[in-house]
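Residues 94 to 275 (the numbering used here) are what the sequence shown spells out, left to right.
Glycine included, every Cβ here is placed at the ideal spot set by N, Cα and C.
Because the structure is a prediction, the values reported are computed rather than measured.
Have a look at the structure below, then the notes.
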Amino acid sequence: MSISKRTATLDATSRSSSRAEALLAENEEHLTHPNVAAFLKAIAAAEGGGYDFRYGALKGRSDDRWRFTDMSTHPGPGIGGKSTAAGMYQITRPTWQHHGAKLGLRDFSPRTQDLIAVEILRSLGIIDAIKQGAIAEVMPKVARIWAALPKGPGQRNHYPPQRYVSFDRFLSAYRDAGGSVA
Numbered sequence: 094m095s096i097s098k099r100t101a102t103l104d105a106t107s108r109s110s111s112r113a114e115a116l117l118a119e120n121e122e123h124l125t126h127p128n129v130a131a132f133l134k135a136i137a138a139a140e141g142g143g144y145d146f147r148y149g150a151l152k153g154r155s156d157d158r159w160r161f162t163d164m165s166t167h168p169g170p171g172i173g174g175k176s177t178a179a180g181m182y183q184i185t186r187p188t189w190q191h192h193g194a195k196l197g198l199r200d201f202s203p204r205t206q207d208l209i210a211v212e213i214l215r216s217l218g219i220i221d222a223i224k225q226g227a228i229a230e231v232m233p234k235v236a237r238i239w240a241a242l243p244k245g246p247g248q249r250n251h252y253p254p255q256r257y258v259s260f261d262r263f264l265s266a267y268r269d270a271g272g273s274v275a
């Protein structure tokens with residue numbers, strides 16, 4: 094490889110690394126906003142997840158075979174062997190791979206799960222609306238990502254017959270976690 098090609102490759106890698114570091118810093122900042130933190134807690138409550146849950150794990154069962162302890166990587170499929178949804182926000186393996194690479198994250202730790210969830214909200218273009226408390230307005234977009242969320246007040250989710258929480262229940266969890274509504 095010529096010196097100019099090697100330099101160009103190093104420059105591209107450096108820019109990519111700098112961009113990932115900037116995104117991480119911004120997402121860390123978003124996590125400190127009370128409405129963003131509350132919104133994530135409400136998603137987690139709706140999805141029924143824990144940081145150590147694979148698809149199919151049940152809250153309250155410590156001996157559940159669908160829980161995992163190795164957070165060095167995404168745990169893979171849960172019950173039934175099809176869905177790779179895992180963790181607090183039921184993040185699929187492809188979502189983890191995409192956003193993890195974008196942010197320079199390689200594990201599946203609680204911090205990584207939180208940062209990827211924020212990146213999903215940011216990629217939907219709704220992080221500022223959440224900060225402003227415009228919860229009903231953002232639901233149609235987040236309901237396309239998280240199957241347990243309704244599309245808005247009085248509406249179902251996007252994925253029947255998947256179980257979902259009502260908008261009122263989601264909003265209650267959001268408020269209980271310290272979120273405010275505009």
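Among residues of its own chain, excluding the 5 on either side of residue i, which ones have a beta-carbon nearer than 8 Å to its beta-carbon?
i: P233; result: K244, G245
i: F260; result: A229, M232, P243, G245, P246, G247, Q248
i: D163; result: none
How would you write the range of the alpha helix (DSSP H) that residue i sits in, first residue to last?
i: T277; result: This structure cannot settle anything about residue 277, because the visible part of the chain is limited to 94 through 275.
i: W189; result: 186–196
i: I223; result: 220–225
i: K234; result: 228–238
Got a sec? Which residues, its chain only, sit under 7 Å from residue i by beta carbon, not counting five neighbours each side?
i: Y267; result: A131, F132, A135, I228
Do residue j and residue i have their beta-carbon atoms positioned less than 8 Å apart in this structure?
i: N128; j: G272; result: yes
i: R144; j: Q206; result: Note that residue 144 is Tyr in the sequence shown here, rather than Arg. The answer is yes: Cβ separation under 8 Å.
i: V258; j: G226; result: no
i: A139; j: A241; result: yes
Below 6 Å CB to CB, which residues in the same chain sit around residue i once its five sequence neighbours on both sides are set aside?
i: W159; result: R147, G149, A150, G171, I172
i: H48; result: Outside the shown range of the chain, which is 94 to 275, sits residue 48, and nothing can be said about it.
Using the Cα positions of residue i and residue j, report the straight-line distance between them to the nearest angstrom.
i: L103; j: S110; result: A caution first: L103 carries a pLDDT of 45, below 50, which makes its placement in the model too unreliable to give a value.
i: I238; j: D269; result: 23 Å
i: E122; j: V211; result: 10 Å
i: H192; j: M181; result: 16 Å
i: A105; j: E114; result: Residue placement at A105 is flagged as unreliable, the pLDDT there being 48, under the threshold of 50; the coordinate-derived value follows with that caveat. About 14 Å.
i: L196; j: L214; result: 14 Å
Length at least 4, wholly inside the segment 240–272: the alpha helix (DSSP H) runs in chain order: 260–269
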